[in-house]
Every structure is written in C-alpha cells, then in structure tokens.
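Trainee: FYI, in the numbering used here the residues of the sequence shown are 1093 to 1571.
Quick one: this structure, given as structure tokens, is what I'll be asking you about.
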Amino acid sequence: MYGKCCQIRDARLVFDRIAPKNEFSWTQIVKAYAHNGHLLEAILFFRKSLLEGMDPSDYACSIVIGVCCSLGSLQDGRFVHAVVRDRGYESDPHVAAGLIHMYSSCGCMDEASTAFRRTSHRDRFIYTAMIGGFAQAGQCREAVVLFREMDLDGITGDNITFVSAIGAFQDLGDPRQCRAIHECAAQAGVESDCLVQTALLNMYSQCGFAEEALQVFGEMAERDRVAWSSTIAACARHGYGRQAMELFRRMELEGIKPDIVVLSSLLDACSSVEALAEGAMIHARIIAGGFHRDRILDAAILNMYAKCGSAASARRAFDEQSPDDPVSWNVMIGACAKAGLDLEAIESYRQMQALGIDPTPVTFITVLAACSHSGFLAEARIQFLSMIQDFGIAPDVDCYCCLVDLLARTGDLEAGEELMLSMPFEPFEAGWTSLLSACGVHGDRGRATRIAGAGASIAPETSAHYVLLSNMKREEECL
C-alpha cells in the first residue's frame, strides 16, 4: 500500500518490522523502490533477498530486469539473467520480453536474439520486444523479417508492435513495403490509433511520399505540432510547396504556433515555388520570434532568396551571417549566377578565397556555370585547373558539362569534342547536344555528323541529335 502511494519511507519501515521475511515481502519492497524511481535500491534489495536465501519469483525477476533496463546497467542485467536461467524462467513471456528489451537497450542484439530463441511460447509481447530491439539498433531488415514471421505465426500485433515495425519499414524506404505495412495496420484494426498514425505519417514524410502523408494527416482525429510539422516538411521537400503553405495557414487558424522546424520547412516550400513575398514573411517571423539561428537555418534563408531570384535580398541576408560558412558562400555565388550577375558571382568566389575558405565541389560547379553564361572561357579554364591542382577535387559530370557548354558557346568545337572524349567517365548526352547545336551555328557539318552518331549511341531512344543534324542540312540547302 505505502509503495503504491509513493510513501517509500513508510513502506521501508513496515518491511523492516516484518519477521520473518518471505519471498512476497521481499518482492514488494523491491517493487516499491522500483516504482518510485529508487532503482539502485531496488537492485540492492533484490541482491539482499538472494543472500537471505530467498527464491525470487519470475515476477520479481521481471521487475528487476526492467530496473536494469532503465539504468542501462548491462552488468546487473546479466547477473539477473543468470538468476533467471538457474530457476528456469527464461521461457516465461514477461521475463523473456524484459530480457530482450534490456539487452536491446544496451545494444547487445546477439544476447537479445538468444533470449528470443530460448522462449518456447512466443506471444505478441515477445515479438514486439524483439522487433522494437532490431528497429532501435538500426537492423531494419531483421525487424521486417521478424514482423513477417510473426504474421505467419498467426499473431496480430498491437499499436506498439506496429509503431516499431513502421519505423523499420521507413528506414528501408521501399514504397511498396511502406504501403504493405500500412495495409497490415488497417487489417489489425490499429490504423486509427494516434501512435500508429504518427508513425505512418513520419514514414511517408521521410520516404518522400507526400500524397500518402497528406492522406494519413487528413484521417487524423487529433493533430499536434509534430503531425503538422511532419506533413508540412514532406510537402515542402517533395514538390508540394503550395500545399505546405496552405497547411501552415490552417495550422495557425487552429491556434498552433509554429516552431523553428516548421518555419525552416516553409522556407524550403517558398524556395520550391519561388514565392518571394511569402518567404520574406517567414524570414521576418524568424527574426521577430527570436529563434536560435544556426548555419542550416541561415543557409535555408539565403537559399530561399536565391531560388526566388532576389540577389539583392540574398546579399543582405548573407551580410548578416557568419562569413566562414562555405555553404552560405555557395548559395550566394549561385544567387548571383541565377540573376545573371556573373561578374558578381566570380567576384564573390574571389572574396571567399581571400578569406581562406576552401571551396567545395558545389562552389566550382556554380563558378563554372557563371563563366559559361557569360562566355568567360579563360576564367573557366583557370578555375577548372585550380579545382584539380590546388584543391584536389575531381571534376564531376556537372563541371564537365559547364566547360563543354562554354566551349560550344565560344565556338571552340575541337576542344569541346576532345574534352568529351577524354573525360574519365562515359560522355553525357547534354554535352553532345550542346556541341551539335554549336556545329549548326558555325557550319561544321562533318563534325556534326560525327557528334550526332556519338549522341545517338548514348541515347538511342531519342531522335533529337538527328533532328538537329537534319535541320542543319536543310539550312545549308536553303543557302
């Protein structure tokens, strides 16, 4: 009684007066300490009971296993497991579930699996503990296999089972399997459970299935900030920017105040649909709300202005941020390039170098794109070589694409063709298309025929290269 009423001192006084003490009284004092948060004392009194010659019940052992799990004490857990093994309690469902949970929490999945295999009667609780353990340890395939095994055994999981299983399916990221676990939850009658709905929403959001996330969200009877945040993020990240902004308006109408996670997602939404006015409003709310600003959020603000084509606003936001973040510099250089301010983009890169900030591969892609737009061939060659020789960065397809496009624009078709053929990977269709178009401009029919054949060998399903070549011949005939 005293233990249940949180009067642990009174419970201890009553226990001390009991003579002689039996297994029941020892179990009750251990339980009182455990349920009132005195975990070390619970283990201590369990050990004392053994020294007094008591034979603990399976119930007492399951209590102490839970205590060891809460403490993360693997040493004490293994000691209790030895007691359990000596008394033949390993096959007891409650004890086995506790052992599995304890070992899983401590990261000992081999021992958790051993405890699972030694259980003669595997019920829903045993499977749930093991599936949850695998999911928590990141062994998602094992969790999925075990979930299917449970289904084959004719055992239906509860809401906790499905929350763990859905998390495992989420990490696999297979759309077919995600929908399959959703169907299983519906068949088990737990689809409308709030915990399961939240897990389904997170699964669809993280896997990029915005339509499914919106469907689950629409079926939720109660929506907390986490549900709103997950759905807005899913829409913002996967091409549903307008829906994300509409959800935000509905969220505010329901009186739920946005946190920084929601506002960051809205910046992404504004970026995806180039909604400058809405993005500026979100930026203003972040400032007015006094939210903590980190580099990720700063980059999101800067990226929003850049994607919306406002280089001036991007510059103002950039000037308020830390000058030593390469991500912000990359976004700023890209904002200038997108706005056609190619000289400013190259100058920003030089300022970045002057501050001693090492460029990334993205930096060079952006700089080369700016050079390509403006026809700065000499500058592009300098930066292309600098990337390799000064910074040890291997150019990727995008870098080669920028340089080939620039060579085509400036009429250096021979150099462009040589670059395409000397790349350390297979030539790409866009490069051949740029060169073929340039051949038409400069009347190089022989090279055009050769390039059209090379382009067609990469993309035989498209006739674009031969259409360009045909147009070139027709124009020659009209002269």
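Every residue, glycine too, gets a C-beta built ideally from N, C-alpha and C.
Just so we're clear, the structure is a prediction, and the values are computed from it rather than from any experiment.
The alpha helix (DSSP H) spanning Ser-1420 covers which residue range?
Mentor: Per DSSP, Ser-1420 belongs to the alpha helix (DSSP H) from 1418 to 1430.
Trainee: Take the Cβ of Asp-1108 as the centre, count every other Cβ of all protein chains shown within 10 Å, and call the residue buried at 16 or more, exposed below.
Mentor: By the C-beta density criterion, Asp-1108 is exposed, having fewer than 16 other C-beta atoms within 10 angstroms.
Trainee: Rounded to whole angstroms, what's the CA-CA distance from Ala-1235 to Leu-1505? Just pull it up for me.
Mentor: Those two C-alpha atoms are separated by around 56 Å.
Trainee: From Pro-1267 to Ala-1319, what distance separates their C-alpha atoms?
Mentor: Spanning the two alpha carbons is a distance of roughly 20 Å.
Trainee: Reducing DSSP to helix, strand and coil, say where Phe-1483 ends up.
Mentor: coil
Trainee: Given a cut-off of 8 Å, decide if Leu-1394 and Val-1354 are closer than it, judged by their beta-carbon atoms.
Mentor: no
Trainee: Using C-beta distances below 7 Å, list every residue in its chain close to Val-1159, excluding the 5 sequence neighbours before and after it, in chain order.
Mentor: Ala-1126, Leu-1131, Ala-1134 and Ile-1135
Trainee: Grab the span of the alpha helix (DSSP H) containing Ser-1357 for me, first residue to last.
Mentor: 1352 to 1365
Trainee: Short check: CB of Asp-1416 to CB of Leu-1447, under 8 Å?
Mentor: yes
Trainee: How should Gly-1259 be labelled, buried or exposed, when 16 other C-beta atoms within 10 angstroms of its C-beta is the threshold for buried?
Mentor: Buried.
Trainee: May I have the straight-line CA-CA distance separating Thr-1525 from Val-1459, to the nearest angstrom?
Mentor: 22 Å
Trainee: Using only alpha-carbon positions, find the residue among Gln-1120, Ser-1141 and Ala-1207 that is nearest to Asp-1103.
Mentor: Checking the displayed sequence, the identity of residue 1103 turns out to be Ala instead of Asp. Measuring from the Cα of Ala-1103, the nearest candidate turns out to be Gln-1120.
Trainee: Can you tell me whether Asp-1488 is buried or exposed, with buried defined as 16 or more other CB within 10 angstroms of its CB?
Mentor: exposed
Trainee: Under DSSP, the alpha helix (DSSP H) around Tyr-1219 begins and ends at which residues?
Mentor: 1216 to 1228
Trainee: Just confirm the distance between the C-beta atoms of Thr-1211 and Ser-1165, as a whole number of angstroms; I'd bet it's less than 8 Å.
Mentor: Actually they do not touch by this definition, with Cβ atoms about 23 Å apart.
Trainee: Given Leu-1571, which residues of its chain have a CB within under 8 Å of its CB, disregarding the five upstream and five downstream residues?
Mentor: Confidence is the limiting factor: at Leu-1571 the pLDDT is only 46, short of 50, which leaves the residue's position unreliable, though a coordinate-based value still follows. Result list for Leu-1571: empty, nothing under 8 Å.
Trainee: Less than 8 Å separating the beta-carbons of Cys-1428 and Ser-1464?
Mentor: no
Trainee: Once DSSP output is grouped into helix, strand and coil, what is the label at Tyr-1332?
Mentor: coil
Trainee: Using CA atoms only, rank isn't needed, just tell me which of Ala-1507, Ser-1321, Thr-1323 and Ser-1514 is closest to Ala-1530.
Mentor: Minimum Cα-Cα distance from Ala-1530 among the listed residues Ala-1507, Ser-1321, Thr-1323 and Ser-1514 corresponds to Ala-1507.
Trainee: If the criterion is Cβ atoms closer than 8 Å, does the pair Ile-1157 and Gly-1180 meet it?
Mentor: Not closer than 8 Å, so no.
Trainee: If you compare alpha carbons, which of Arg-1542, Met-1295 and Met-1337 is closest to Cys-1270?
Mentor: Met-1295
Trainee: With C-beta atoms as the reference, is Ser-1364 less than 8 Å away from Gly-1333?
Mentor: yes
Trainee: If you run the structure through DSSP and keep just helix, strand and coil, what is Ala-1103?
Mentor: helix
Trainee: Starting from the Cα of Val-1176, find the closest Cα among Asp-1202, Ser-1196 and Pro-1148 and give me that residue.
Mentor: For the residues Asp-1202, Ser-1196 and Pro-1148, the minimum Cα distance to Val-1176 belongs to Pro-1148.
Trainee: When you compare the CB positions of Ile-1155 and Lys-1113, do they come within less than 8 Å of one another, or not?
Mentor: Cβ atoms of Ile-1155 and Lys-1113: not closer than 8 Å.
Trainee: Any idea what DSSP makes of Gln-1413, helix, strand or coil?
Mentor: coil
Trainee: I need the straight-line Cα distance from Ala-1406 to Asp-1215, nearest angstrom please.
Mentor: So the two alpha carbons sit approximately 59 Å from each other.
Trainee: Report the three-state DSSP secondary structure of Met-1242 (helix, strand or coil).
Mentor: helix
Trainee: Would you identify the three-state DSSP class for Asn-1578, choosing helix, strand or coil?
Mentor: As shown, the chain starts at 1093 and ends at 1571. That puts residue 1578 outside it, with no answer to give.
Trainee: Measure the C-alpha to C-alpha separation of His-1384 and Ala-1227 and round it to an integer number of angstroms.
Mentor: Their backbone Cα atoms lie some 32 Å apart in a straight line.
Trainee: Closest by CA to Ile-1388, which one among Met-1201, Ile-1273, Cys-1200 and Asp-1360?
Mentor: Closest by alpha carbon: Asp-1360.
Trainee: Should Phe-1517 go down as buried or exposed, given a rule of 16 or more other Cβ atoms within 10 Å for buried?
Mentor: Exposed is the call here.
Trainee: Give every residue of the same chain whose Cβ lies closer than 8 Å to the Cβ of Gly-1230, excluding the five residues on either side of it in the sequence, and list them in chain order.
Mentor: Asp-1263
Trainee: Considering only C-alpha positions, which residue in the set Leu-1143, Val-1187 and Pro-1519 is nearest to Cys-1153?
Mentor: The shortest Cα separation from Cys-1153 among Leu-1143, Val-1187 and Pro-1519 belongs to Val-1187.
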